[in-house]
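Asker:
Residue numbers (our numbering): 25 to 145.
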């Protein structure tokens, strides 16, 4: 059976990976909430009794670190979503982005709460 020019072949579209989009969105949202609602206000439970106190003992310094972490996290999230929506063959890259977002809660909490970072002032 041959096709003529007047007949149109049906276009096949690759399905969008809604599971990857949902996982990336939930992980990014949970990580941002963890950073801003837990790491910034409370931070480390115990700070050493020295003067001057370490920079990570001040909420303002943790807020600067949280801002940097949030920007990096949103960059990874937007790159993952863009790869899923635009590049149909980029599924391995999208899975790598979701894996990075799965590691992000632990890494970002530790980096904001305990590592002296970027003061906002």
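By construction, the Cβ of each residue, glycine as well, lies at the ideal position given by its N, Cα and C atoms.
Rounded to a whole number of angstroms, what is the C-alpha to C-alpha distance between residue 81 and residue 43?
Answerer: Approximately 39 Å between the Cα atoms of the pair.
Asker: Where residue 125 and residue 55 are concerned, what is the direct C-alpha to C-alpha distance, given to the nearest angstrom?
Answerer: Residue 125 and residue 55: Cα-Cα distance of roughly 8 Å.
Asker: Taking contact to mean at least 3 C-beta pairs separated by less than 8 Å, is the region 59-78 in contact with the region 101-121?
Answerer: Short answer: they don't touch.
Asker: Excluding the five sequence neighbours on either side, which residues of its own chain have a C-beta within less than 7 Å of the C-beta of residue 129, listed in chain order?
Answerer: Only 54, 55, 58 meet the Cβ criterion.
Asker: Using a Cβ-Cβ distance under 9 Å, would residue 69 count as near chain B?
Answerer: Considering every chain present, this structure includes no chain B. It has just one protein chain.
Asker: For residue 135, report the span of its alpha helix (DSSP H) as first-last.
Answerer: Per DSSP, residue 135 belongs to the alpha helix (DSSP H) from 115-137.
Asker: How many angstroms separate the CA atom of residue 111 from the CA atom of residue 68?
Answerer: Cα to Cα, residue 111 sits roughly 42 Å from residue 68.
Asker: If we require 3 or more residues per run, which beta strand (DSSP E) segments fall completely within the region 40-128?
Answerer: None, since the region 40-128 contains no complete beta strand (DSSP E) of that length.
Asker: Below 7 Å CB to CB, which residues in the same chain sit around residue 114 once its five sequence neighbours on both sides are set aside?
Answerer: Only 107 meet the Cβ criterion.
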